[in-house]
Amino acid sequence: MGEGTSRRRMRWLMGTMVAMTVVSVAGLGASLVIKSPQQVAAETAPPRKSVLTAQVIRQTLASTVVMRGTVGPVRSIDVQPRAPVGSMAVVTRVPVRQGHAVRQGSVVVEVSGRPVILLRGDLPAYRDLHVGDKGPDVAQLIRALRVLGYVDGDAEDTYSSGTATALKQLYGHLKYEPPTVDSTGPTNSGSSATEGEVAGAAETGPNDAAASEKTAPQVYLPAAEVVFVPSSSAVAISVPVRRGSIVKGPVLTLAWGGLQVRATLPDEDKGLVSVGQRVELSSGQDGMRRVAIVSAIGRYSAGASRDSTSGDATQGLPGSSGTVTPNDSDASDGEAGYPLVIKGRKPIPAVWNGADLQVSITTAATSAPVLAVPIAAVYSSADSSTRVVKWVGGRKIPVEVRTGVSANGWVQVTPIGSIALLKGDQVVVGQ
């Protein structure tokens, strides 16, 4: 009897313990799920407002307009000579190199044994010139020969025997046989002269030429053997051929007036740039830098490109040696904006011809380090004053300021009230 009672008590105790354990676990689970109103309010409340600040700095500010520009000559001419009749157009001598200056009276290239001579003048060579010819192109030739020291006292616009003599002397000094013509046409195909022929050509005087005028072939000037530029010299900015090349296009490009840079100023920056402003040119290829100035600002262009040889360009004519290309300030490069012409304070190197450069124009700058804050820190108050808010120990303190140069997201500020603003102070930029 006693043993059975003990067993029942043991079962009862164990059942009670199990029940208490279940109730405890259930209570714990309920406490994890059920939240008090205070806890719910705390968890669903918006986060505290945070204040975004930035540090006041002291540095030099510079506002810069950056664009791309292309280097090209102020004026240029592509030289593409013809071969003499019955010959192939083959380059037989290239006496100039890229970047070299060529003076008037010099040979710039030789094609099929015949020279192309640089002379000074505005008109392109558009016809062969013979004894008896008249016109402004003849007057131009006579002026060029006089500048070189070849005497010609005849009429200013008439190709005379004296003009022929002067040409004969020029060809002789260049060691070429002068081109001649008689009643049946040209009498030589234009090969280089022998030593004796050169000496004879150089020593022939006006009296000798006059005496033999009726019996000897007359010296004439083929349009293919001369190129005129309105300058005493020119620079070879492109020489794409070498000896033995077949002439299929320009054999060299001559430029005068130096090189310049053409760029397009965006419409929104027009008021920031003016003629005479300093420009920095930099090349990403060779790392070179040059200081330049804005030379001209053209009329606004909507972006339509213009052929560089249209308008007042002087086109090469059949039989002539070149095509002149002017570069003016109103020619668009295809971008919408204001065309800029930029010229170097020192000559732009010839190796930059055709290069794409970075053009940087400083539109405003401080002469010394100044206090500056992010532009986002500056605001206008109700009384139209300009202010920033200084953040000190969790407090906002408005500071009246005067603004100056702005650059790269920063603006110069000068405190004008009784509250100081110093380097290292924190100003509010958002919250």
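The opening residue of the sequence shown carries number 1394 in the working numbering; numbering runs sequentially from there. Even glycine gets a Cβ: it sits at the ideal position worked out from N, Cα and C.
Relative to the C-alpha of residue i, which candidate in the options has its C-alpha closest?
| i | options | result |
| --- | --- | --- |
| Val1666 | Ile1510, Ile1690 and Gly1651 | Ile1690 |
| Gln1473 | Thr1457, Val1620, Ser1554 and Val1644 | Val1644 |
| Val1487 | Ala1476, Thr1759 and Val1500 | Val1500 |
| Ser1469 | Ser1753, Val1744, Gln1678 and Gly1650 | Gly1650 |
| Gln1448 | Ser1760, Ala1800, Val1782 and Ile1809 | Val1782 |
| Ser1753 | Arg1655, Val1484 and Met1413 | Arg1655 |
| Leu1614 | Val1495, Glu1570, Ile1450 and Ala1743 | Glu1570 |
| Val1684 | Ala1648, Gln1678, Gly1465 and Pro1742 | Pro1742 |
| Pro1633 | Gln1491, His1523, Thr1573 and Ile1735 | Gln1491 |
| Phe1621 | Ser1480, Ala1537 and Gly1747 | Ala1537 |
| Gly1677 | Trp1745, Ile1790 and Leu1563 | Trp1745 |
| Arg1692 | Tyr1731, Gly1737, Gly1664 and Tyr1519 | Tyr1731 |
| Thr1796 | Gly1787, Arg1780 and Asp1660 | Arg1780 |
| Ser1625 | Arg1513, Ile1450 and Gly1802 | Arg1513 |
| Asp1660 | Thr1551, Asn1801 and Ala1695 | Ala1695 |
Among residues of its own chain, excluding the 5 on either side of residue i, which ones have a beta-carbon nearer than 6 Å to its beta-carbon?
| i | result |
| --- | --- |
| Ser1605 | Unreliable positioning characterises Ser1605 in this predicted model, as indicated by a pLDDT of 47, which lies under 50. The coordinate reading is nonetheless provided below. Nothing meets the Cβ criterion. |
| Ser1675 | Arg1682 and Gln1751 |
| Ser1638 | Val1484 |
| Gly1598 | With a pLDDT of 49 at Gly1598, under the threshold of 50, the modelled position of that residue is not reliable, and no figure is offered here. |
| Gly1737 | Arg1683 and Ala1685 |
| Thr1551 | Lys1527 |
Residue i: buried (16+ other C-beta within 10 angstroms of its C-beta) or exposed?
| i | result |
| --- | --- |
| Ser1399 | exposed |
| Lys1816 | exposed |
| Gly1823 | exposed |
| Val1540 | exposed |
| Thr1646 | buried |
| Gly1810 | exposed |
| Thr1807 | exposed |
| Pro1508 | buried |
| Lys1561 | buried |
| Val1444 | exposed |
The alpha helix (DSSP H) that contains residue i, what's its start and end?
| i | result |
| --- | --- |
| Pro1529 | Pro1529 to Val1540 |
| Ser1638 | Premise fails: Ser1638 is in no alpha helix (DSSP H) and is neither H nor E. |
| Ala1456 | A quick correction: the sequence has Ser, not Ala, at residue 1456. No alpha helix (DSSP H) contains Ser1456, which is instead part of the beta strand (DSSP E) from Ala1455 to Val1472. |
| Lys1561 | Ser1554 to His1566 |
Report all residues from its chain with a CB closer than 8 Å to the CB of residue i; omit the five preceding and five following residues, and keep chain order.
| i | result |
| --- | --- |
| Asp1662 | Val1458 and Thr1756 |
| His1493 | Val1628 and Ala1629 |
| Val1771 | Thr1779, Arg1780, Val1781, Val1794, Thr1796, Val1804 and Val1806 |
| Ser1505 | Ala1476, Pro1477, Ser1480, Met1481, Ala1482, Val1483, Thr1485 and Gly1583 |
| Ala1765 | Val1449, Ile1450, Arg1451, Gln1452, Leu1454, Trp1803, Val1804, Gln1805 and Val1806 |
Check the Cβ-Cβ distances between residue i and every residue of chain C, and say whether any is below 9 Å.
| i | result |
| --- | --- |
| Thr1657 | Given the protein chain composition of this structure (a single chain), no chain C is represented. |
In the DSSP assignment, find the beta strand (DSSP E) that holds residue i and state where it starts and stops.
| i | result |
| --- | --- |
| Gln1788 | According to the sequence shown, residue 1788 is Arg rather than Gln. Here the beta strand (DSSP E) through Arg1788 covers Arg1788 to Ala1800. |
| Gln1653 | Leu1645 to Leu1658 |
| Thr1755 | Asp1749 to Ala1758 |
| Val1524 | Where Val1524 is concerned, there is no enclosing beta strand (DSSP E), given that its DSSP letter is neither H nor E. |
If I measure Cβ to Cβ from residue i and keep anything under 7 Å in the same chain, skipping five residues before and after, which residues do I get?
| i | result |
| --- | --- |
| Thr1446 | Trp1784, Gln1819, Val1820, Val1821 and Val1822 |
| Glu1590 | Note on Glu1590: pLDDT 41, under 50, position unreliable in the model; no value is reported. |
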